[in-house]
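What follows is a set of notes on a single structure, which appears directly below.
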Amino acid sequence: MSIVALVLDLLTYGIFIYSVTLLGFYIFIGLYSIGESRKYLQRNSYTDYRLLASSAHVPSVSVLAPAYNEGATIIENVRSLLSLYYSNLEVIIINDGSKDDSLQKLIDGYQLEKIDFYVNYRIKTKEVRGVYKSTNPVFRKLVVVDKMNGGKADALNVGINVSSNNLIVCIDVDCILEQDSILKMVKPFLEETGEKVIASGGVVRIANSCDIRDGRLIKVYLPDNYWARMQSLEYIRAFLLGRMAWARMNGLLLISGAFGAFDKEIAMNCGGYDHNTVGEDMELVVRMRRYMEERNIPYRVTYIPDPLCWTEAPTSRTILGRQRNRWTRGTIETLKFHRKMFFNPRYRLLGMVSYPFWFFFEMLAPGIEFFGMVVFLLMSIFGRINWHMFLALLLFIISFGFMYSAFAAFMEVTTFNQYRRRREMAKLLLTAFSEPFYFHPFVVWAAIRGYWDYIRKKKAWGEMTRQGFGTPPKK
Amino acid sequence: MIGFQGFDGLSFLNTLTHPLDEWHQLKLLEQLKSLDPEQMPQLPHWLHSSNAYVVLFALRLAEIYQQFHVHTAVVTCLTHHQEKVRAQAIQTLSKIASPQTADILVQRYAQETPKNRLTILKTLREVGSSDQFEFLTGLLKEGDNEIRLEAAAAIAGINREGRKLLEALAEQESGDLRSVYKHVIARM
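Protein chains in written order, with our numbering: chain A, 1 to 475; chain B, 1 to 188.
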């Protein structure tokens with residue numbers, strides 16, 4: 001056997017084994033998530049959250065919402081947060097040195113005045129220029145912090161420093177939260193008995209095309225835009241299957257920056273959000289877990305599958321590409337910071353399963369896929385492809401991908417069932433057909449660009465323009 | 001059970017050996033809300049339970065329903081092995097305080113965890129008197145700004161004399177400490 005043939009065989013079998021392992025994980029995750037979803041629904045079906053949320057005995061919670069150049073929608077966004085149904089709530093808006101009129105709009109809209117406020121910089125951050133409270137008692141929950149620009153992680157750290165409660169909920173200011181979302185997020189912390197709950201993640205759903213009025217979600221619709229619709233499917237798969245299974249194993253590494261609750265004391269002891277990465281949400285969770293593991297303190301990172309947070313997804317290839325590019329860089333940075341845990345038995349499940357999974361199947365996957373495509377092209381040029389086998393495998397992998405999406409859609413219908421019209425589910429499944437030919441190659445390419453930007457040491461977030469939830473759709 | 005038997009429905013706490021997490025405690029408290037508050041004769045027994053969750057819940061009941069008759073039993077909980085129970089005991093004492101409570105808390109202060117020290121200072125704001133000013137002004141000289149903030153809030157919160165004392169201190173000081181005092185005064 002020539003060396004070329006040997007190398008090609010190694011590549012072929014290497015990629016084949018990698019793919020089989022990945023598919024094995026997907027099957028395991030899909031099946032393992034079922035029990036957890038059922039358990040959650042059973043345990044929560046008789047709870048009156050509205051009644052409990054108004055109780056004076058619920059723990060106090062601080063909601064931290066960083067805002068940068070959100071002037072167009074900031075008044076509505078804050079109104080939406082202030083209307084959340086929870087009795088002991090503090091809403092902290094951190095104006096991260098916006099260049100627009102966000103702060104002035106808040107001052108005018110909520111009758112704010114600057115107060116004497118001592119900021120205890122327990123986590124080092126950029127300077128706070130002022131803290132504002134409303135003169136109107138109706139807005140007593142609201143605290144607005146104006147600070148020098150330092151990025152999202154820095155703004156969240158300021159929020160942690162300023163907050164007065166031990167439970168913090170970090171959100172994107174432009175997200176739409178369900179009315180009972182805070183209590184549902186806090187519940188795992190209250191259920192803690194043996195293991196300390198250090199963080200709780202929530203589901204993020206796509207709000208494009210939904211009927212949203214005055215900062216409230218009135219009716220859910222499937223996005224009209226192809227890219228947003230595809231992301232709806234992607235999010236259902238990730239949140240309803242992936243994170244559910246990882247939460248069951250207590251191996252969750254990522255809590256979305258758009259909506260997550262944390263134990264402030266642990267977050268502070270870990271040093272808060274790291275502003276040296278664009279994946280600050282994942283990095284904090286990994287660091288908090290590592291902190292607990294290194295101290296041998298039993299802990300859990302929990303996850304709430306209820307659709308509680310709705311966000312606007314990118315609707316253009318440019319913006320989506322930037323987002324995926326940033327996610328890739330964030331993953332690489334986080335895994336690099338914590339490389340000590342890689343297959344390190346000291347970190348138990350975290351080091352032996354969660355970290356390696358993320359390394360091989362999240363971080364490396366786009367690279368391996370891209371490399372596989374290049375090898376495939378070369379082999380086809382040199383006539384070394386067994387086309388019968390290739391077509392069989394191609395058909396199998398496309399069918400598997402579609403079946404997996406269909407299974408996620410089935411789980412959605414049998415659990416939270418947000419898209420109630422049959423036409424919408426049919427449209428979603430039809431969209432799934434196009435994924436391997438259009439959406440998936442695009443996100444792989446965006447990730448490859450993320451690798452490249454990481455090598456070039458690019459630190460920028462990339463501008464994420466949004467259209468906002470202005471006009472309700474006509475359906 | 002509570003729906004049918006009222007406060008008597010809580011008798012399951014006598015024999016409970018499993019954890020009663022905060023979520024279930026919250027649900028129980030909401031159920032009890034609709035009932036007329038009454039004396040709870042079993043409360044001292046629950047406060048000495050070997051199940052820390054029962055102690056925690058009993059402390060909450062004592063706080064919410066201001067059960068002054070269990071003051072001594074609550075004070076014994078200040079030496080409980082669980083930090084969370086001690087924290088709740090400190091908080092409960094703010095609602096069922098006797099003239100000796102503030103001194104008891106000041107005596108406990110040095111042996112407590114940093115988190116519970118802050119809880120003691122918060123409680124002193126409600127149960128303290130001018131007798132604690134010396135102790136509290138001593139804490140203002142400590143390096144920890146969180147302690148300084150709570151100690152200053154306690155001084156200003158105790159009575160009018162305390163507020164004047166803090167205002168006078170704010171005039172004398174500069175820098176960080178002055179900001180701490182101003183922060184507290186702005187919230188009075």
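Heads up, the beta-carbon is just placed ideally off N, CA and C, and yes, glycines get one too.
- When only Cα atoms are considered, Val4(A) and Ala199(A) end up about 51 Å apart.
- Beyond the five residues adjoining it in sequence on each side, Phe189(A) comes within less than 8 Å, by CB distance, of Pro59, Leu167, Val197, Ser200, Ala261, Asp263 in the same chain, given in chain order.
- In summary, Phe12(B) is exposed, with fewer than 16 beta-carbon neighbours lying within 10 Å of its beta-carbon over all protein chains present.
- Judged by pairs of C-beta atoms under 8 Å, the region 115–130 of chain A touches the region 155–167 of chain A, as three or more such pairs exist.
- Between the region 100–120 of chain A and the region 165–185 of chain B there are three or more inter-stretch CB-CB distances shorter than 8 Å, so the stretches are counted as touching.
- For Ala58(B), the closest of Leu78(B), Gln82(B), Ala89(B) by C-alpha to C-alpha distance is Ala89(B).
- As summarised for the region 176–248 of chain A, the continuous beta strand (DSSP E) elements at least 3 residues long and confined to that stretch are 196–206, 211–213, 216–219, given in chain order.
- In chain B, no part has a C-beta under 9 Å from the C-beta of Thr318(A); the shortest such distance is about 45 Å.
- Take Ile218(A), set aside five residues on each side of it, and the residues of its chain with a beta-carbon closer than 6 Å to its own are Asp211, in chain order.
- No Cβ-Cβ contact shorter than 7 Å links Leu241(A) with Gly35(A).
- For the set Ser209(A), Leu41(A), Gly151(A), Gly215(A), the Cα lying nearest the Cα of Arg79(A) is the one of Gly215(A).
- A Cβ-Cβ separation of about 6 Å places Ala102(B) in contact with Gln132(B) under the 8 Å criterion.
- According to the DSSP secondary-structure assignment, Phe262(A) is paired through a beta bridge with Ile168(A), Ala199(A).
- Annotated as proximal: Val145(A) and Ile94(A), with beta-carbon spacing under 7 Å.
- Contact with chain A is found for Ala186(B), since one of that chain's Cβ atoms lies less than 7 Å from the residue's Cβ.
- Residue contact check for Glu171(B) against chain A: no CB pair falls below 7 Å.
- Taking 7 Å as the CB threshold, Pro19(B) lines the interface with chain A.
- Put simply, the region 60–72 of chain B touches the region 36–46 of chain B. At least three CB pairs are less than 8 Å apart.
- Annotated three-state conformation of Glu127(A) is coil, per DSSP.
- Per the C-alpha coordinates, the member of Met403(A), Ser163(A), Asn417(A) positioned closest to Met268(A) is Ser163(A).
- Taking the C-beta atoms as reference points, Glu76(A) is found no nearer than 7 Å to Asn208(A).
- From the beta-carbon of Glu30(B), the residues of chain A found nearer than 8 Å are Leu51, Leu52, Ser55, His57.
- Judged by pairs of C-beta atoms under 8 Å, the region 428–440 of chain A touches the region 223–233 of chain A, as three or more such pairs exist.
- Taking a contact as a CB-CB distance under 8 Å, the pair Ala409(A) and Met425(A) counts as one, their CB atoms being some 6 Å apart.
- In this structure Met341(A) is not in contact with Leu349(A), their Cβ atoms being roughly 11 Å apart against a cut-off of 8 Å.
- Taking C-beta separations shorter than 7 Å and ignoring five residues to either side along the sequence, the partners of Leu35(B) in its chain run Gly6, Phe7, following chain order.
- DSSP, reduced to helix, strand and coil, places Lys141(A) outside both helices and strands of the structure shown, so it counts as coil.
- Distance between Leu177(B) and Ile120(B), taken at the CA atoms: about 21 Å.
- Taking a Cβ-Cβ threshold of 8 Å, the residues of chain B close to Glu191(A) are Asp21, Glu22, Trp23, in chain order.
- Close partners of Glu150(B) in chain A (Cβ separation under 7 Å) are lacking, with about 11 Å as the shortest Cβ gap.
- Taken in chain order, the complete alpha helix (DSSP H) segments of 4 or more residues contained in the region 105–165 of chain B are 114–127, 133–140, 145–158.
- Under the three-state reduction of DSSP, Ser134(A) is assigned to strand.
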